[in-house]
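See below for the structure under consideration.
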Amino acid sequence: MSVATSDLPETRSSSAEKVRGSLARRHAAERRFKAIGMLAVILGLSFVAILFATVLRKGVPAFWQTTVTLPVHFDPAVVKVPPMPAPQAGQSPAAYQEELTAWRTMLAGANWGRLIENALLAELPPEAASRRRDVQRLVTSSERFRLRDMVERDPGIIGQTVTVTLLADANVDIWMKGNVDRSLSDAQLALNPEQRRYVDILNERGLIQQSFAKALFLNVDSRSSPASAGLAGAFVGSLFMMLIVIVLSVPIGVAAAIYLEEFAPKNRLTDLIEININNLAAVPSIVFGLLGAAVFINWIGLPLSAPLVGGLVLTLMTLPTIIITTRATLRAIPPSIRSAAVGLGASRVQTVAHHVLPLALPGILTGTIIGVAQALGETAPLLLIGMSAFVASVPATPLDQSTALPVQIYLWQGNELRNFFEGRTSAAIIVLLSLMIALNALAIFLRRRFERRW
Amino acid sequence: MFDASAFMQGRSGTGAAGAVQAQPVTEPNITARDVSVFYGQKRALHSVSLNIPGKAVTAFIGPSGCGKSTFLRCFNRMNDTIEGARVEGAITIEGSDIYDPNLDVVELRARVGMVFQKPNPFPKSIYENVAYGPRIHGLTRSRADMDGIVEGSLRRAGLWEEVKDRLSESGTGLSGGQQQRLCIARAIAVGPDVILMDEPCSALDPIATAKIEELMDELRRNFTIVIVTHSMQQAARVSQRTAFFHLGNLVEEGPTEQIFTTPSDRRTQDYITGRFG
């Protein structure tokens, strides 16, 4: 070796020079690559930042909503309802219930709107009395039912004056928040000049506040009373669907992955299955919606707009994700662990159940949660199974009609009351994104918590 | 072609008597007749016939890819787990044919333990590592008996004194040599007749290796040990009999002393003198 190098001093020095020459080139290439990588990361992050900034700027104010706090006099002359019936001796429970229902029907028929009008008029200049319609529309229409519910809970308040915080109409909210150009002509503004004047008067008297928008979380969607529109129905619908997805796709997906990875022989059939599972993961989600409409609704006859059907469709969509991630996790378990168990005489099932599965659990959990989070945000297939219908109730079972969070966002985004629902839409996006971030954080936590080293 | 089977059958009796001086000569524990292994179309082992005596250490040596590990894995049918592997010929352990279709491979592996090249304790506690085998085979139901099996196995593997205070700690937290002894304890906890060791020291430092070698010398009183090794010094140190494999053939087999001093085949001589390998 030493003989060879001393024989070739020229070659040695020239090769060193060559190395030095190429070194500069290599360093330049490295710097270039680094710069491109940084650029890509910055570009990606800036888009995320823009998205978050826009959503937060529009959505956060929507968590506060304009309310009017007024002393409301439950005037017996307006309500005109007899006292709540009390059970009498000798009366059958059924007869009492009937009497109670009749009383409730009477309650529902009372003119609750007039109470709100009167309360507002008491704070406004006397000439407002001639414009009752304009005054009435300052408070969102669903608040009438709240007054009725208050009386139903406690009939004793009739004749009393109670201070109530009422949700202002959506247009009042827009006006107060400055979400509309105040210099527009009267014809272009939703509130007429009198209404605007009344709002300003109420505001000057300190009766108007921005309160936390509980309605957003507690109410269902509403068309007649946009200010009280909320996410409760969509949230429960999404929750039902997530439960169905988890209950169905996790056992089926994990079992399929374990069978394919640990038990199935490697032949043409399993190759075909593998290719098709990968293909399924790439099928556009709307196609799953068509499949769901054809199979679950048309053929099996499950109801339209039901979270059950939505959950089944999303399960089909999530399965490939779970199978693929679970298989990848199983493949990453060192074969030495399997050899050790098999060498001791463990059967295949024992090897998988006692050793492989516990080690694969963090990966399976991560894959599952990411799959479920993906399903949570899916909209297109739900549109095809009728979950984009307007549903004004919280589903009590997975067979009731319902919407879902992303569908609610889609519906609000298209609402004609733009200035108001833009905020609501962004607020709903914040809720959905928070859920996603929470799920992903859970995935990371579980992975960290259960990950074992060997 | 050198006829390995004729060679070894001719001398297995006398050879064993010559090499294992202190050891009482026992009947051959494992007999292999014309064993061939195929991986798909490729033939990895060519009609190997060999007798392995009981209560002794038999070493398989040879260059990489010579089929010694493949042959070893025939004895507990680990080749069954490899897709496309096929074994021909007959192997009996204490007279029973281990490739009998009626034989349960689980039962076989309880009788033939295995220690692998890389220490592979389960990522569970030290106690659980040793207790796992007895538990799946239902050797005991009582906690006290299990404690006894675990302690006994760890003692025999020379690990008890080092780990008795931390049985609940993870087996993967031990040093490499300790992990390998834990794997040995895990194998003997099931109470096998035979222990197969596939290059058990190749991932260990010399001190850990020395401990394992001492342990093998101790264990051969109770078990039939078959070891595959790349180190000829190790084969010379620990084994009573040595078999030399080359290109899927058993070239020569006999008492270790004889193989290392007066090998009858040219290839054996070339290998042990470092001409190739």
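Sequence lines, in order, name chains A and B. Taking the working numbering, the leading residue of the first sequence gets 8, the next gets one more, and so forth. Taking the working numbering, the leading residue of the second sequence gets 231, the next gets one more, and so forth. C-beta: ideal position from N, C-alpha, C; glycine also.
What are the boundary residues of the beta strand (DSSP E) that B/PHE290 is part of?
Counted from its first residue, the second sequence places residue 290 of chain B at position 60. In the DSSP assignment, B/PHE290 falls within the unbroken beta strand (DSSP E) covering 287-291.
Measure the C-alpha to C-alpha separation of A/ALA23 and A/ALA42 and round it to an integer number of angstroms.
Taking the first sequence and counting its residues from 1, the one referred to as residue 23 of chain A is at position 16. Taking the first sequence and counting its residues from 1, the one referred to as residue 42 of chain A is at position 35. Rounded to the nearest whole angstrom, the CA to CA distance from A/ALA23 to A/ALA42 is 28 angstroms.
Taking C-alpha atoms, which residue in A/SER218, A/ASN178, A/VAL179 lies nearest to A/VAL171?
Within the first sequence, residue 171 of chain A is the residue found at index 164, counting from 1. Closest option to A/VAL171, Cα to Cα, is A/SER218.
Reference A/ARG138; option with closest CA among A/ASP278, A/ASN125, A/THR404
Here residue 138 of chain A is taken as the residue at index 131 of the first sequence, counted from 1. The option with the nearest alpha carbon to A/ARG138 is A/ASN125.
Name the residue from A/PRO327, A/LEU250, A/ASN199 whose alpha carbon lies nearest to the alpha carbon of A/ASP141.
For the purposes of this step, residue 141 of chain A is taken as the residue at position 134 of the first sequence. Out of A/PRO327, A/LEU250, A/ASN199, A/ASN199 has the C-alpha closest to the C-alpha of A/ASP141.
Residue(s) in a DSSP beta bridge with B/LYS203
The first residue shown for chain B is 231 and the last is 507, placing residue 203 of chain B beyond what the model contains.
How about A/ILE344: is its C-beta nearer than 9 angstroms to some C-beta of chain B?
The residue labelled residue 344 of chain A in the question sits at position 337 within the first sequence. Yes - at least one Cβ of chain B is within 9 angstroms of the one on A/ILE344.
What residues in the segment 359-372 of chain B have a beta carbon less than 7 angstroms from any beta carbon of chain E?
Considering every chain present, this structure includes no chain E. Its protein chains are A and B.
From which residue to which residue does the beta strand (DSSP E) around A/TRP4 run?
Residue 4 of chain A lies beyond the residue range present for chain A, which begins at 8 and ends at 461; the question has no answer from this structure.
Taking the alpha-carbon positions, what's the A/ASN422 to A/ASP407 distance?
Looking up residue 422 of chain A in the first sequence gives position 415. Looking up residue 407 of chain A in the first sequence gives position 400. Roughly 24 angstroms separates the two Cα atoms.
B/ASN350 - DSSP class collapsed to helix/strand/coil:
Within the second sequence, residue 350 of chain B is the residue found at index 120, counting from 1. If DSSP states are grouped into helix, strand and coil, B/ASN350 belongs with coil.
Is A/VAL349 close to chain B? Criterion is C-beta to C-beta, closer than 9 angstroms.
By 1-based counting over the first sequence, the position of residue 349 of chain A is 342. So, interface residue.
Per DSSP, cross-strand counterpart(s) of B/ALA262:
For the purposes of this step, residue 262 of chain B is identified with residue 32 of the second sequence, where counting begins at 1. For B/ALA262, which the question treats as bridged, DSSP gives the partners B/LEU280, B/ILE321.
Cβ separation of B/ALA289 and B/THR402, assumed to be a contact under 8 angstroms, to the nearest whole Å:
Indexing the second sequence from 1 puts residue 289 of chain B at position 59. Indexing the second sequence from 1 puts residue 402 of chain B at position 172. Rounded, the Cβ-Cβ distance is 29 angstroms, inconsistent with contact.
With 16 other Cβ atoms within 10 Å as the buried cut-off, status of A/ASP176
Residue 176 of chain A sits at position 169 when you count from the first residue of the first sequence. Buried.
Thinking C-beta only, is A/VAL169 closer than 9 angstroms to A/ALA117?
Counting from one through the first sequence, the residue named residue 117 of chain A turns up at place 110. Counting from one through the first sequence, the residue named residue 169 of chain A turns up at place 162. Not in contact: A/ALA117 and A/VAL169 (Cβ atoms no closer than 9 angstroms).
Return the CA-CA distance between A/THR358 and A/PHE70, expressed in angstroms with no decimal places.
Taking the first residue of the first sequence as 1, we reach residue 358 of chain A at position 351. Taking the first residue of the first sequence as 1, we reach residue 70 of chain A at position 63. One alpha carbon belongs to A/THR358, the other to A/PHE70, and they sit about 53 angstroms apart.
For B/GLU429, count neighbouring Cβ atoms within 10 angstroms of its own Cβ and tell me buried if that reaches 16, exposed if not.
Taking the second sequence and counting its residues from 1, one reaches residue 429 of chain B at position 199. Counting every other CB atom within 10 Å of its CB across the protein chains shown gives B/GLU429 a total of 16 or more, marking it as buried.
With which residues is B/GLU532 paired in a DSSP beta bridge?
For residue 532 of chain B there is no data in the structure shown, the boundaries of chain B being 231 and 507.
Based on the DSSP output, what are the partners of B/TYR269 in its beta bridges?
For the purposes of this step, residue 269 of chain B is taken as the residue at position 39 of the second sequence. Among the bridge pairs identified by DSSP, B/TYR269 is matched with B/LYS272, B/ALA315.
Go ahead and pull the three-state DSSP assignment for A/ASN274.
Counted from its first residue, the first sequence places residue 274 of chain A at position 267. Three-state DSSP puts A/ASN274 in coil, outside helix and strand.
Hey, is A/LEU366's beta-carbon within less than 9 angstroms of any beta-carbon in chain B?
Numbered from 1 along the first sequence, position 359 holds the residue referred to as residue 366 of chain A. Contact with chain B is found for A/LEU366, since one of that chain's Cβ atoms lies less than 9 angstroms from the residue's Cβ.
Three or more C-beta pairs closer than 8 angstroms, one from the segment 441-461 of chain A and one from the segment 361-378 of chain A: is that the case here?
These segments touch.
With distances taken Cα to Cα, identify the nearest neighbour of A/SER409 among A/ARG32, A/ASN426, A/LEU390.
Within the first sequence, numbered from 1, the residue matching residue 409 of chain A stands at position 402. Residue A/LEU390 is the option with its Cα nearest to A/SER409.
Listed by chain order, chain B residues near A/ALA353 by CB distance under 7 angstroms
On the first sequence, residue 353 of chain A is found 346 positions in, with the first residue counted as 1. Residues of chain B passing the Cβ test: ILE366.
Name, in chain order, the residues that DSSP records as bridge partners for A/PRO405.
Residue numbering aside, residue 405 of chain A sits at position 398 when the first sequence is read from its first letter. Paired residues: none, contrary to the question.
For B/VAL458, which three-state DSSP category applies?
In the second sequence, residue 458 of chain B corresponds to position 228, counting from 1. It is a strand residue.
Shortest alpha-carbon distance to A/ALA434 belongs to which of A/VAL252, A/GLU201, A/PRO78, A/GLY237?
Counting from one through the first sequence, the residue named residue 434 of chain A turns up at place 427. The residue with the shortest Cα to Cα distance from A/ALA434 is A/GLY237.
Helix or strand or just coil, what does DSSP make of A/MET394?
Indexing the first sequence from 1 puts residue 394 of chain A at position 387. A/MET394 falls in the coil class under three-state DSSP.
Roughly how far, in whole angstroms, is the beta-carbon of A/PRO405 from the beta-carbon of A/ILE215, given that I think they are within contact range, below 8 angstroms?
Start at 1 with the first residue of the first sequence, and residue 405 of chain A comes out as number 398. Start at 1 with the first residue of the first sequence, and residue 215 of chain A comes out as number 208. The beta-carbon distance between A/PRO405 and A/ILE215, rounded to whole angstroms, is 41 angstroms. This is too long to meet the 8 angstroms contact definition.
Among residues of its own chain, excluding the 5 on either side of A/ALA271, which ones have a beta-carbon nearer than 7 angstroms to its beta-carbon?
Residue mapping note: residue 271 of chain A aligns to position 264 of the first sequence, counting from 1. The answer, listed in chain order, is THR277.
Same chain only: Cβ atoms within 6 angstroms of A/GLN202, ignoring 5 sequence neighbours per side:
Residue numbering aside, residue 202 of chain A sits at position 195 when the first sequence is read from its first letter. Once the five neighbours on either side are set aside, the close Cβ partners of A/GLN202 are ASP141.
Using 8 angstroms for Cβ pairs, my map puts A/LEU173 next to A/VAL206. What's the rounded Cβ distance?
Within the first sequence, numbered from 1, the residue matching residue 173 of chain A stands at position 166. Within the first sequence, numbered from 1, the residue matching residue 206 of chain A stands at position 199. Wrong, their Cβ atoms sit about 13 angstroms apart, outside the cutoff.
How big is the Cα-Cα spacing for A/PRO83 and A/THR74?
For the purposes of this step, residue 83 of chain A is taken as residue 76 along the first sequence, with counting starting at 1. For the purposes of this step, residue 74 of chain A is taken as residue 67 along the first sequence, with counting starting at 1. In a straight line, the C-alpha of A/PRO83 is about 25 angstroms away from that of A/THR74.
Which residue marks the beginning of the beta strand (DSSP E) containing A/ASN125, and which one marks its end?
Position 118 of the first sequence, counted from the first residue, corresponds to residue 125 of chain A. Where A/ASN125 is concerned, there is no enclosing beta strand (DSSP E), although the alpha helix (DSSP H) around it starts and stops at 119-130.
Distance, Cα to Cα, A/ALA403 vs A/GLY244?
Your numbering for residue 403 of chain A matches position 396 in the first sequence. Your numbering for residue 244 of chain A matches position 237 in the first sequence. One C-alpha to the other measures close to 9 angstroms.
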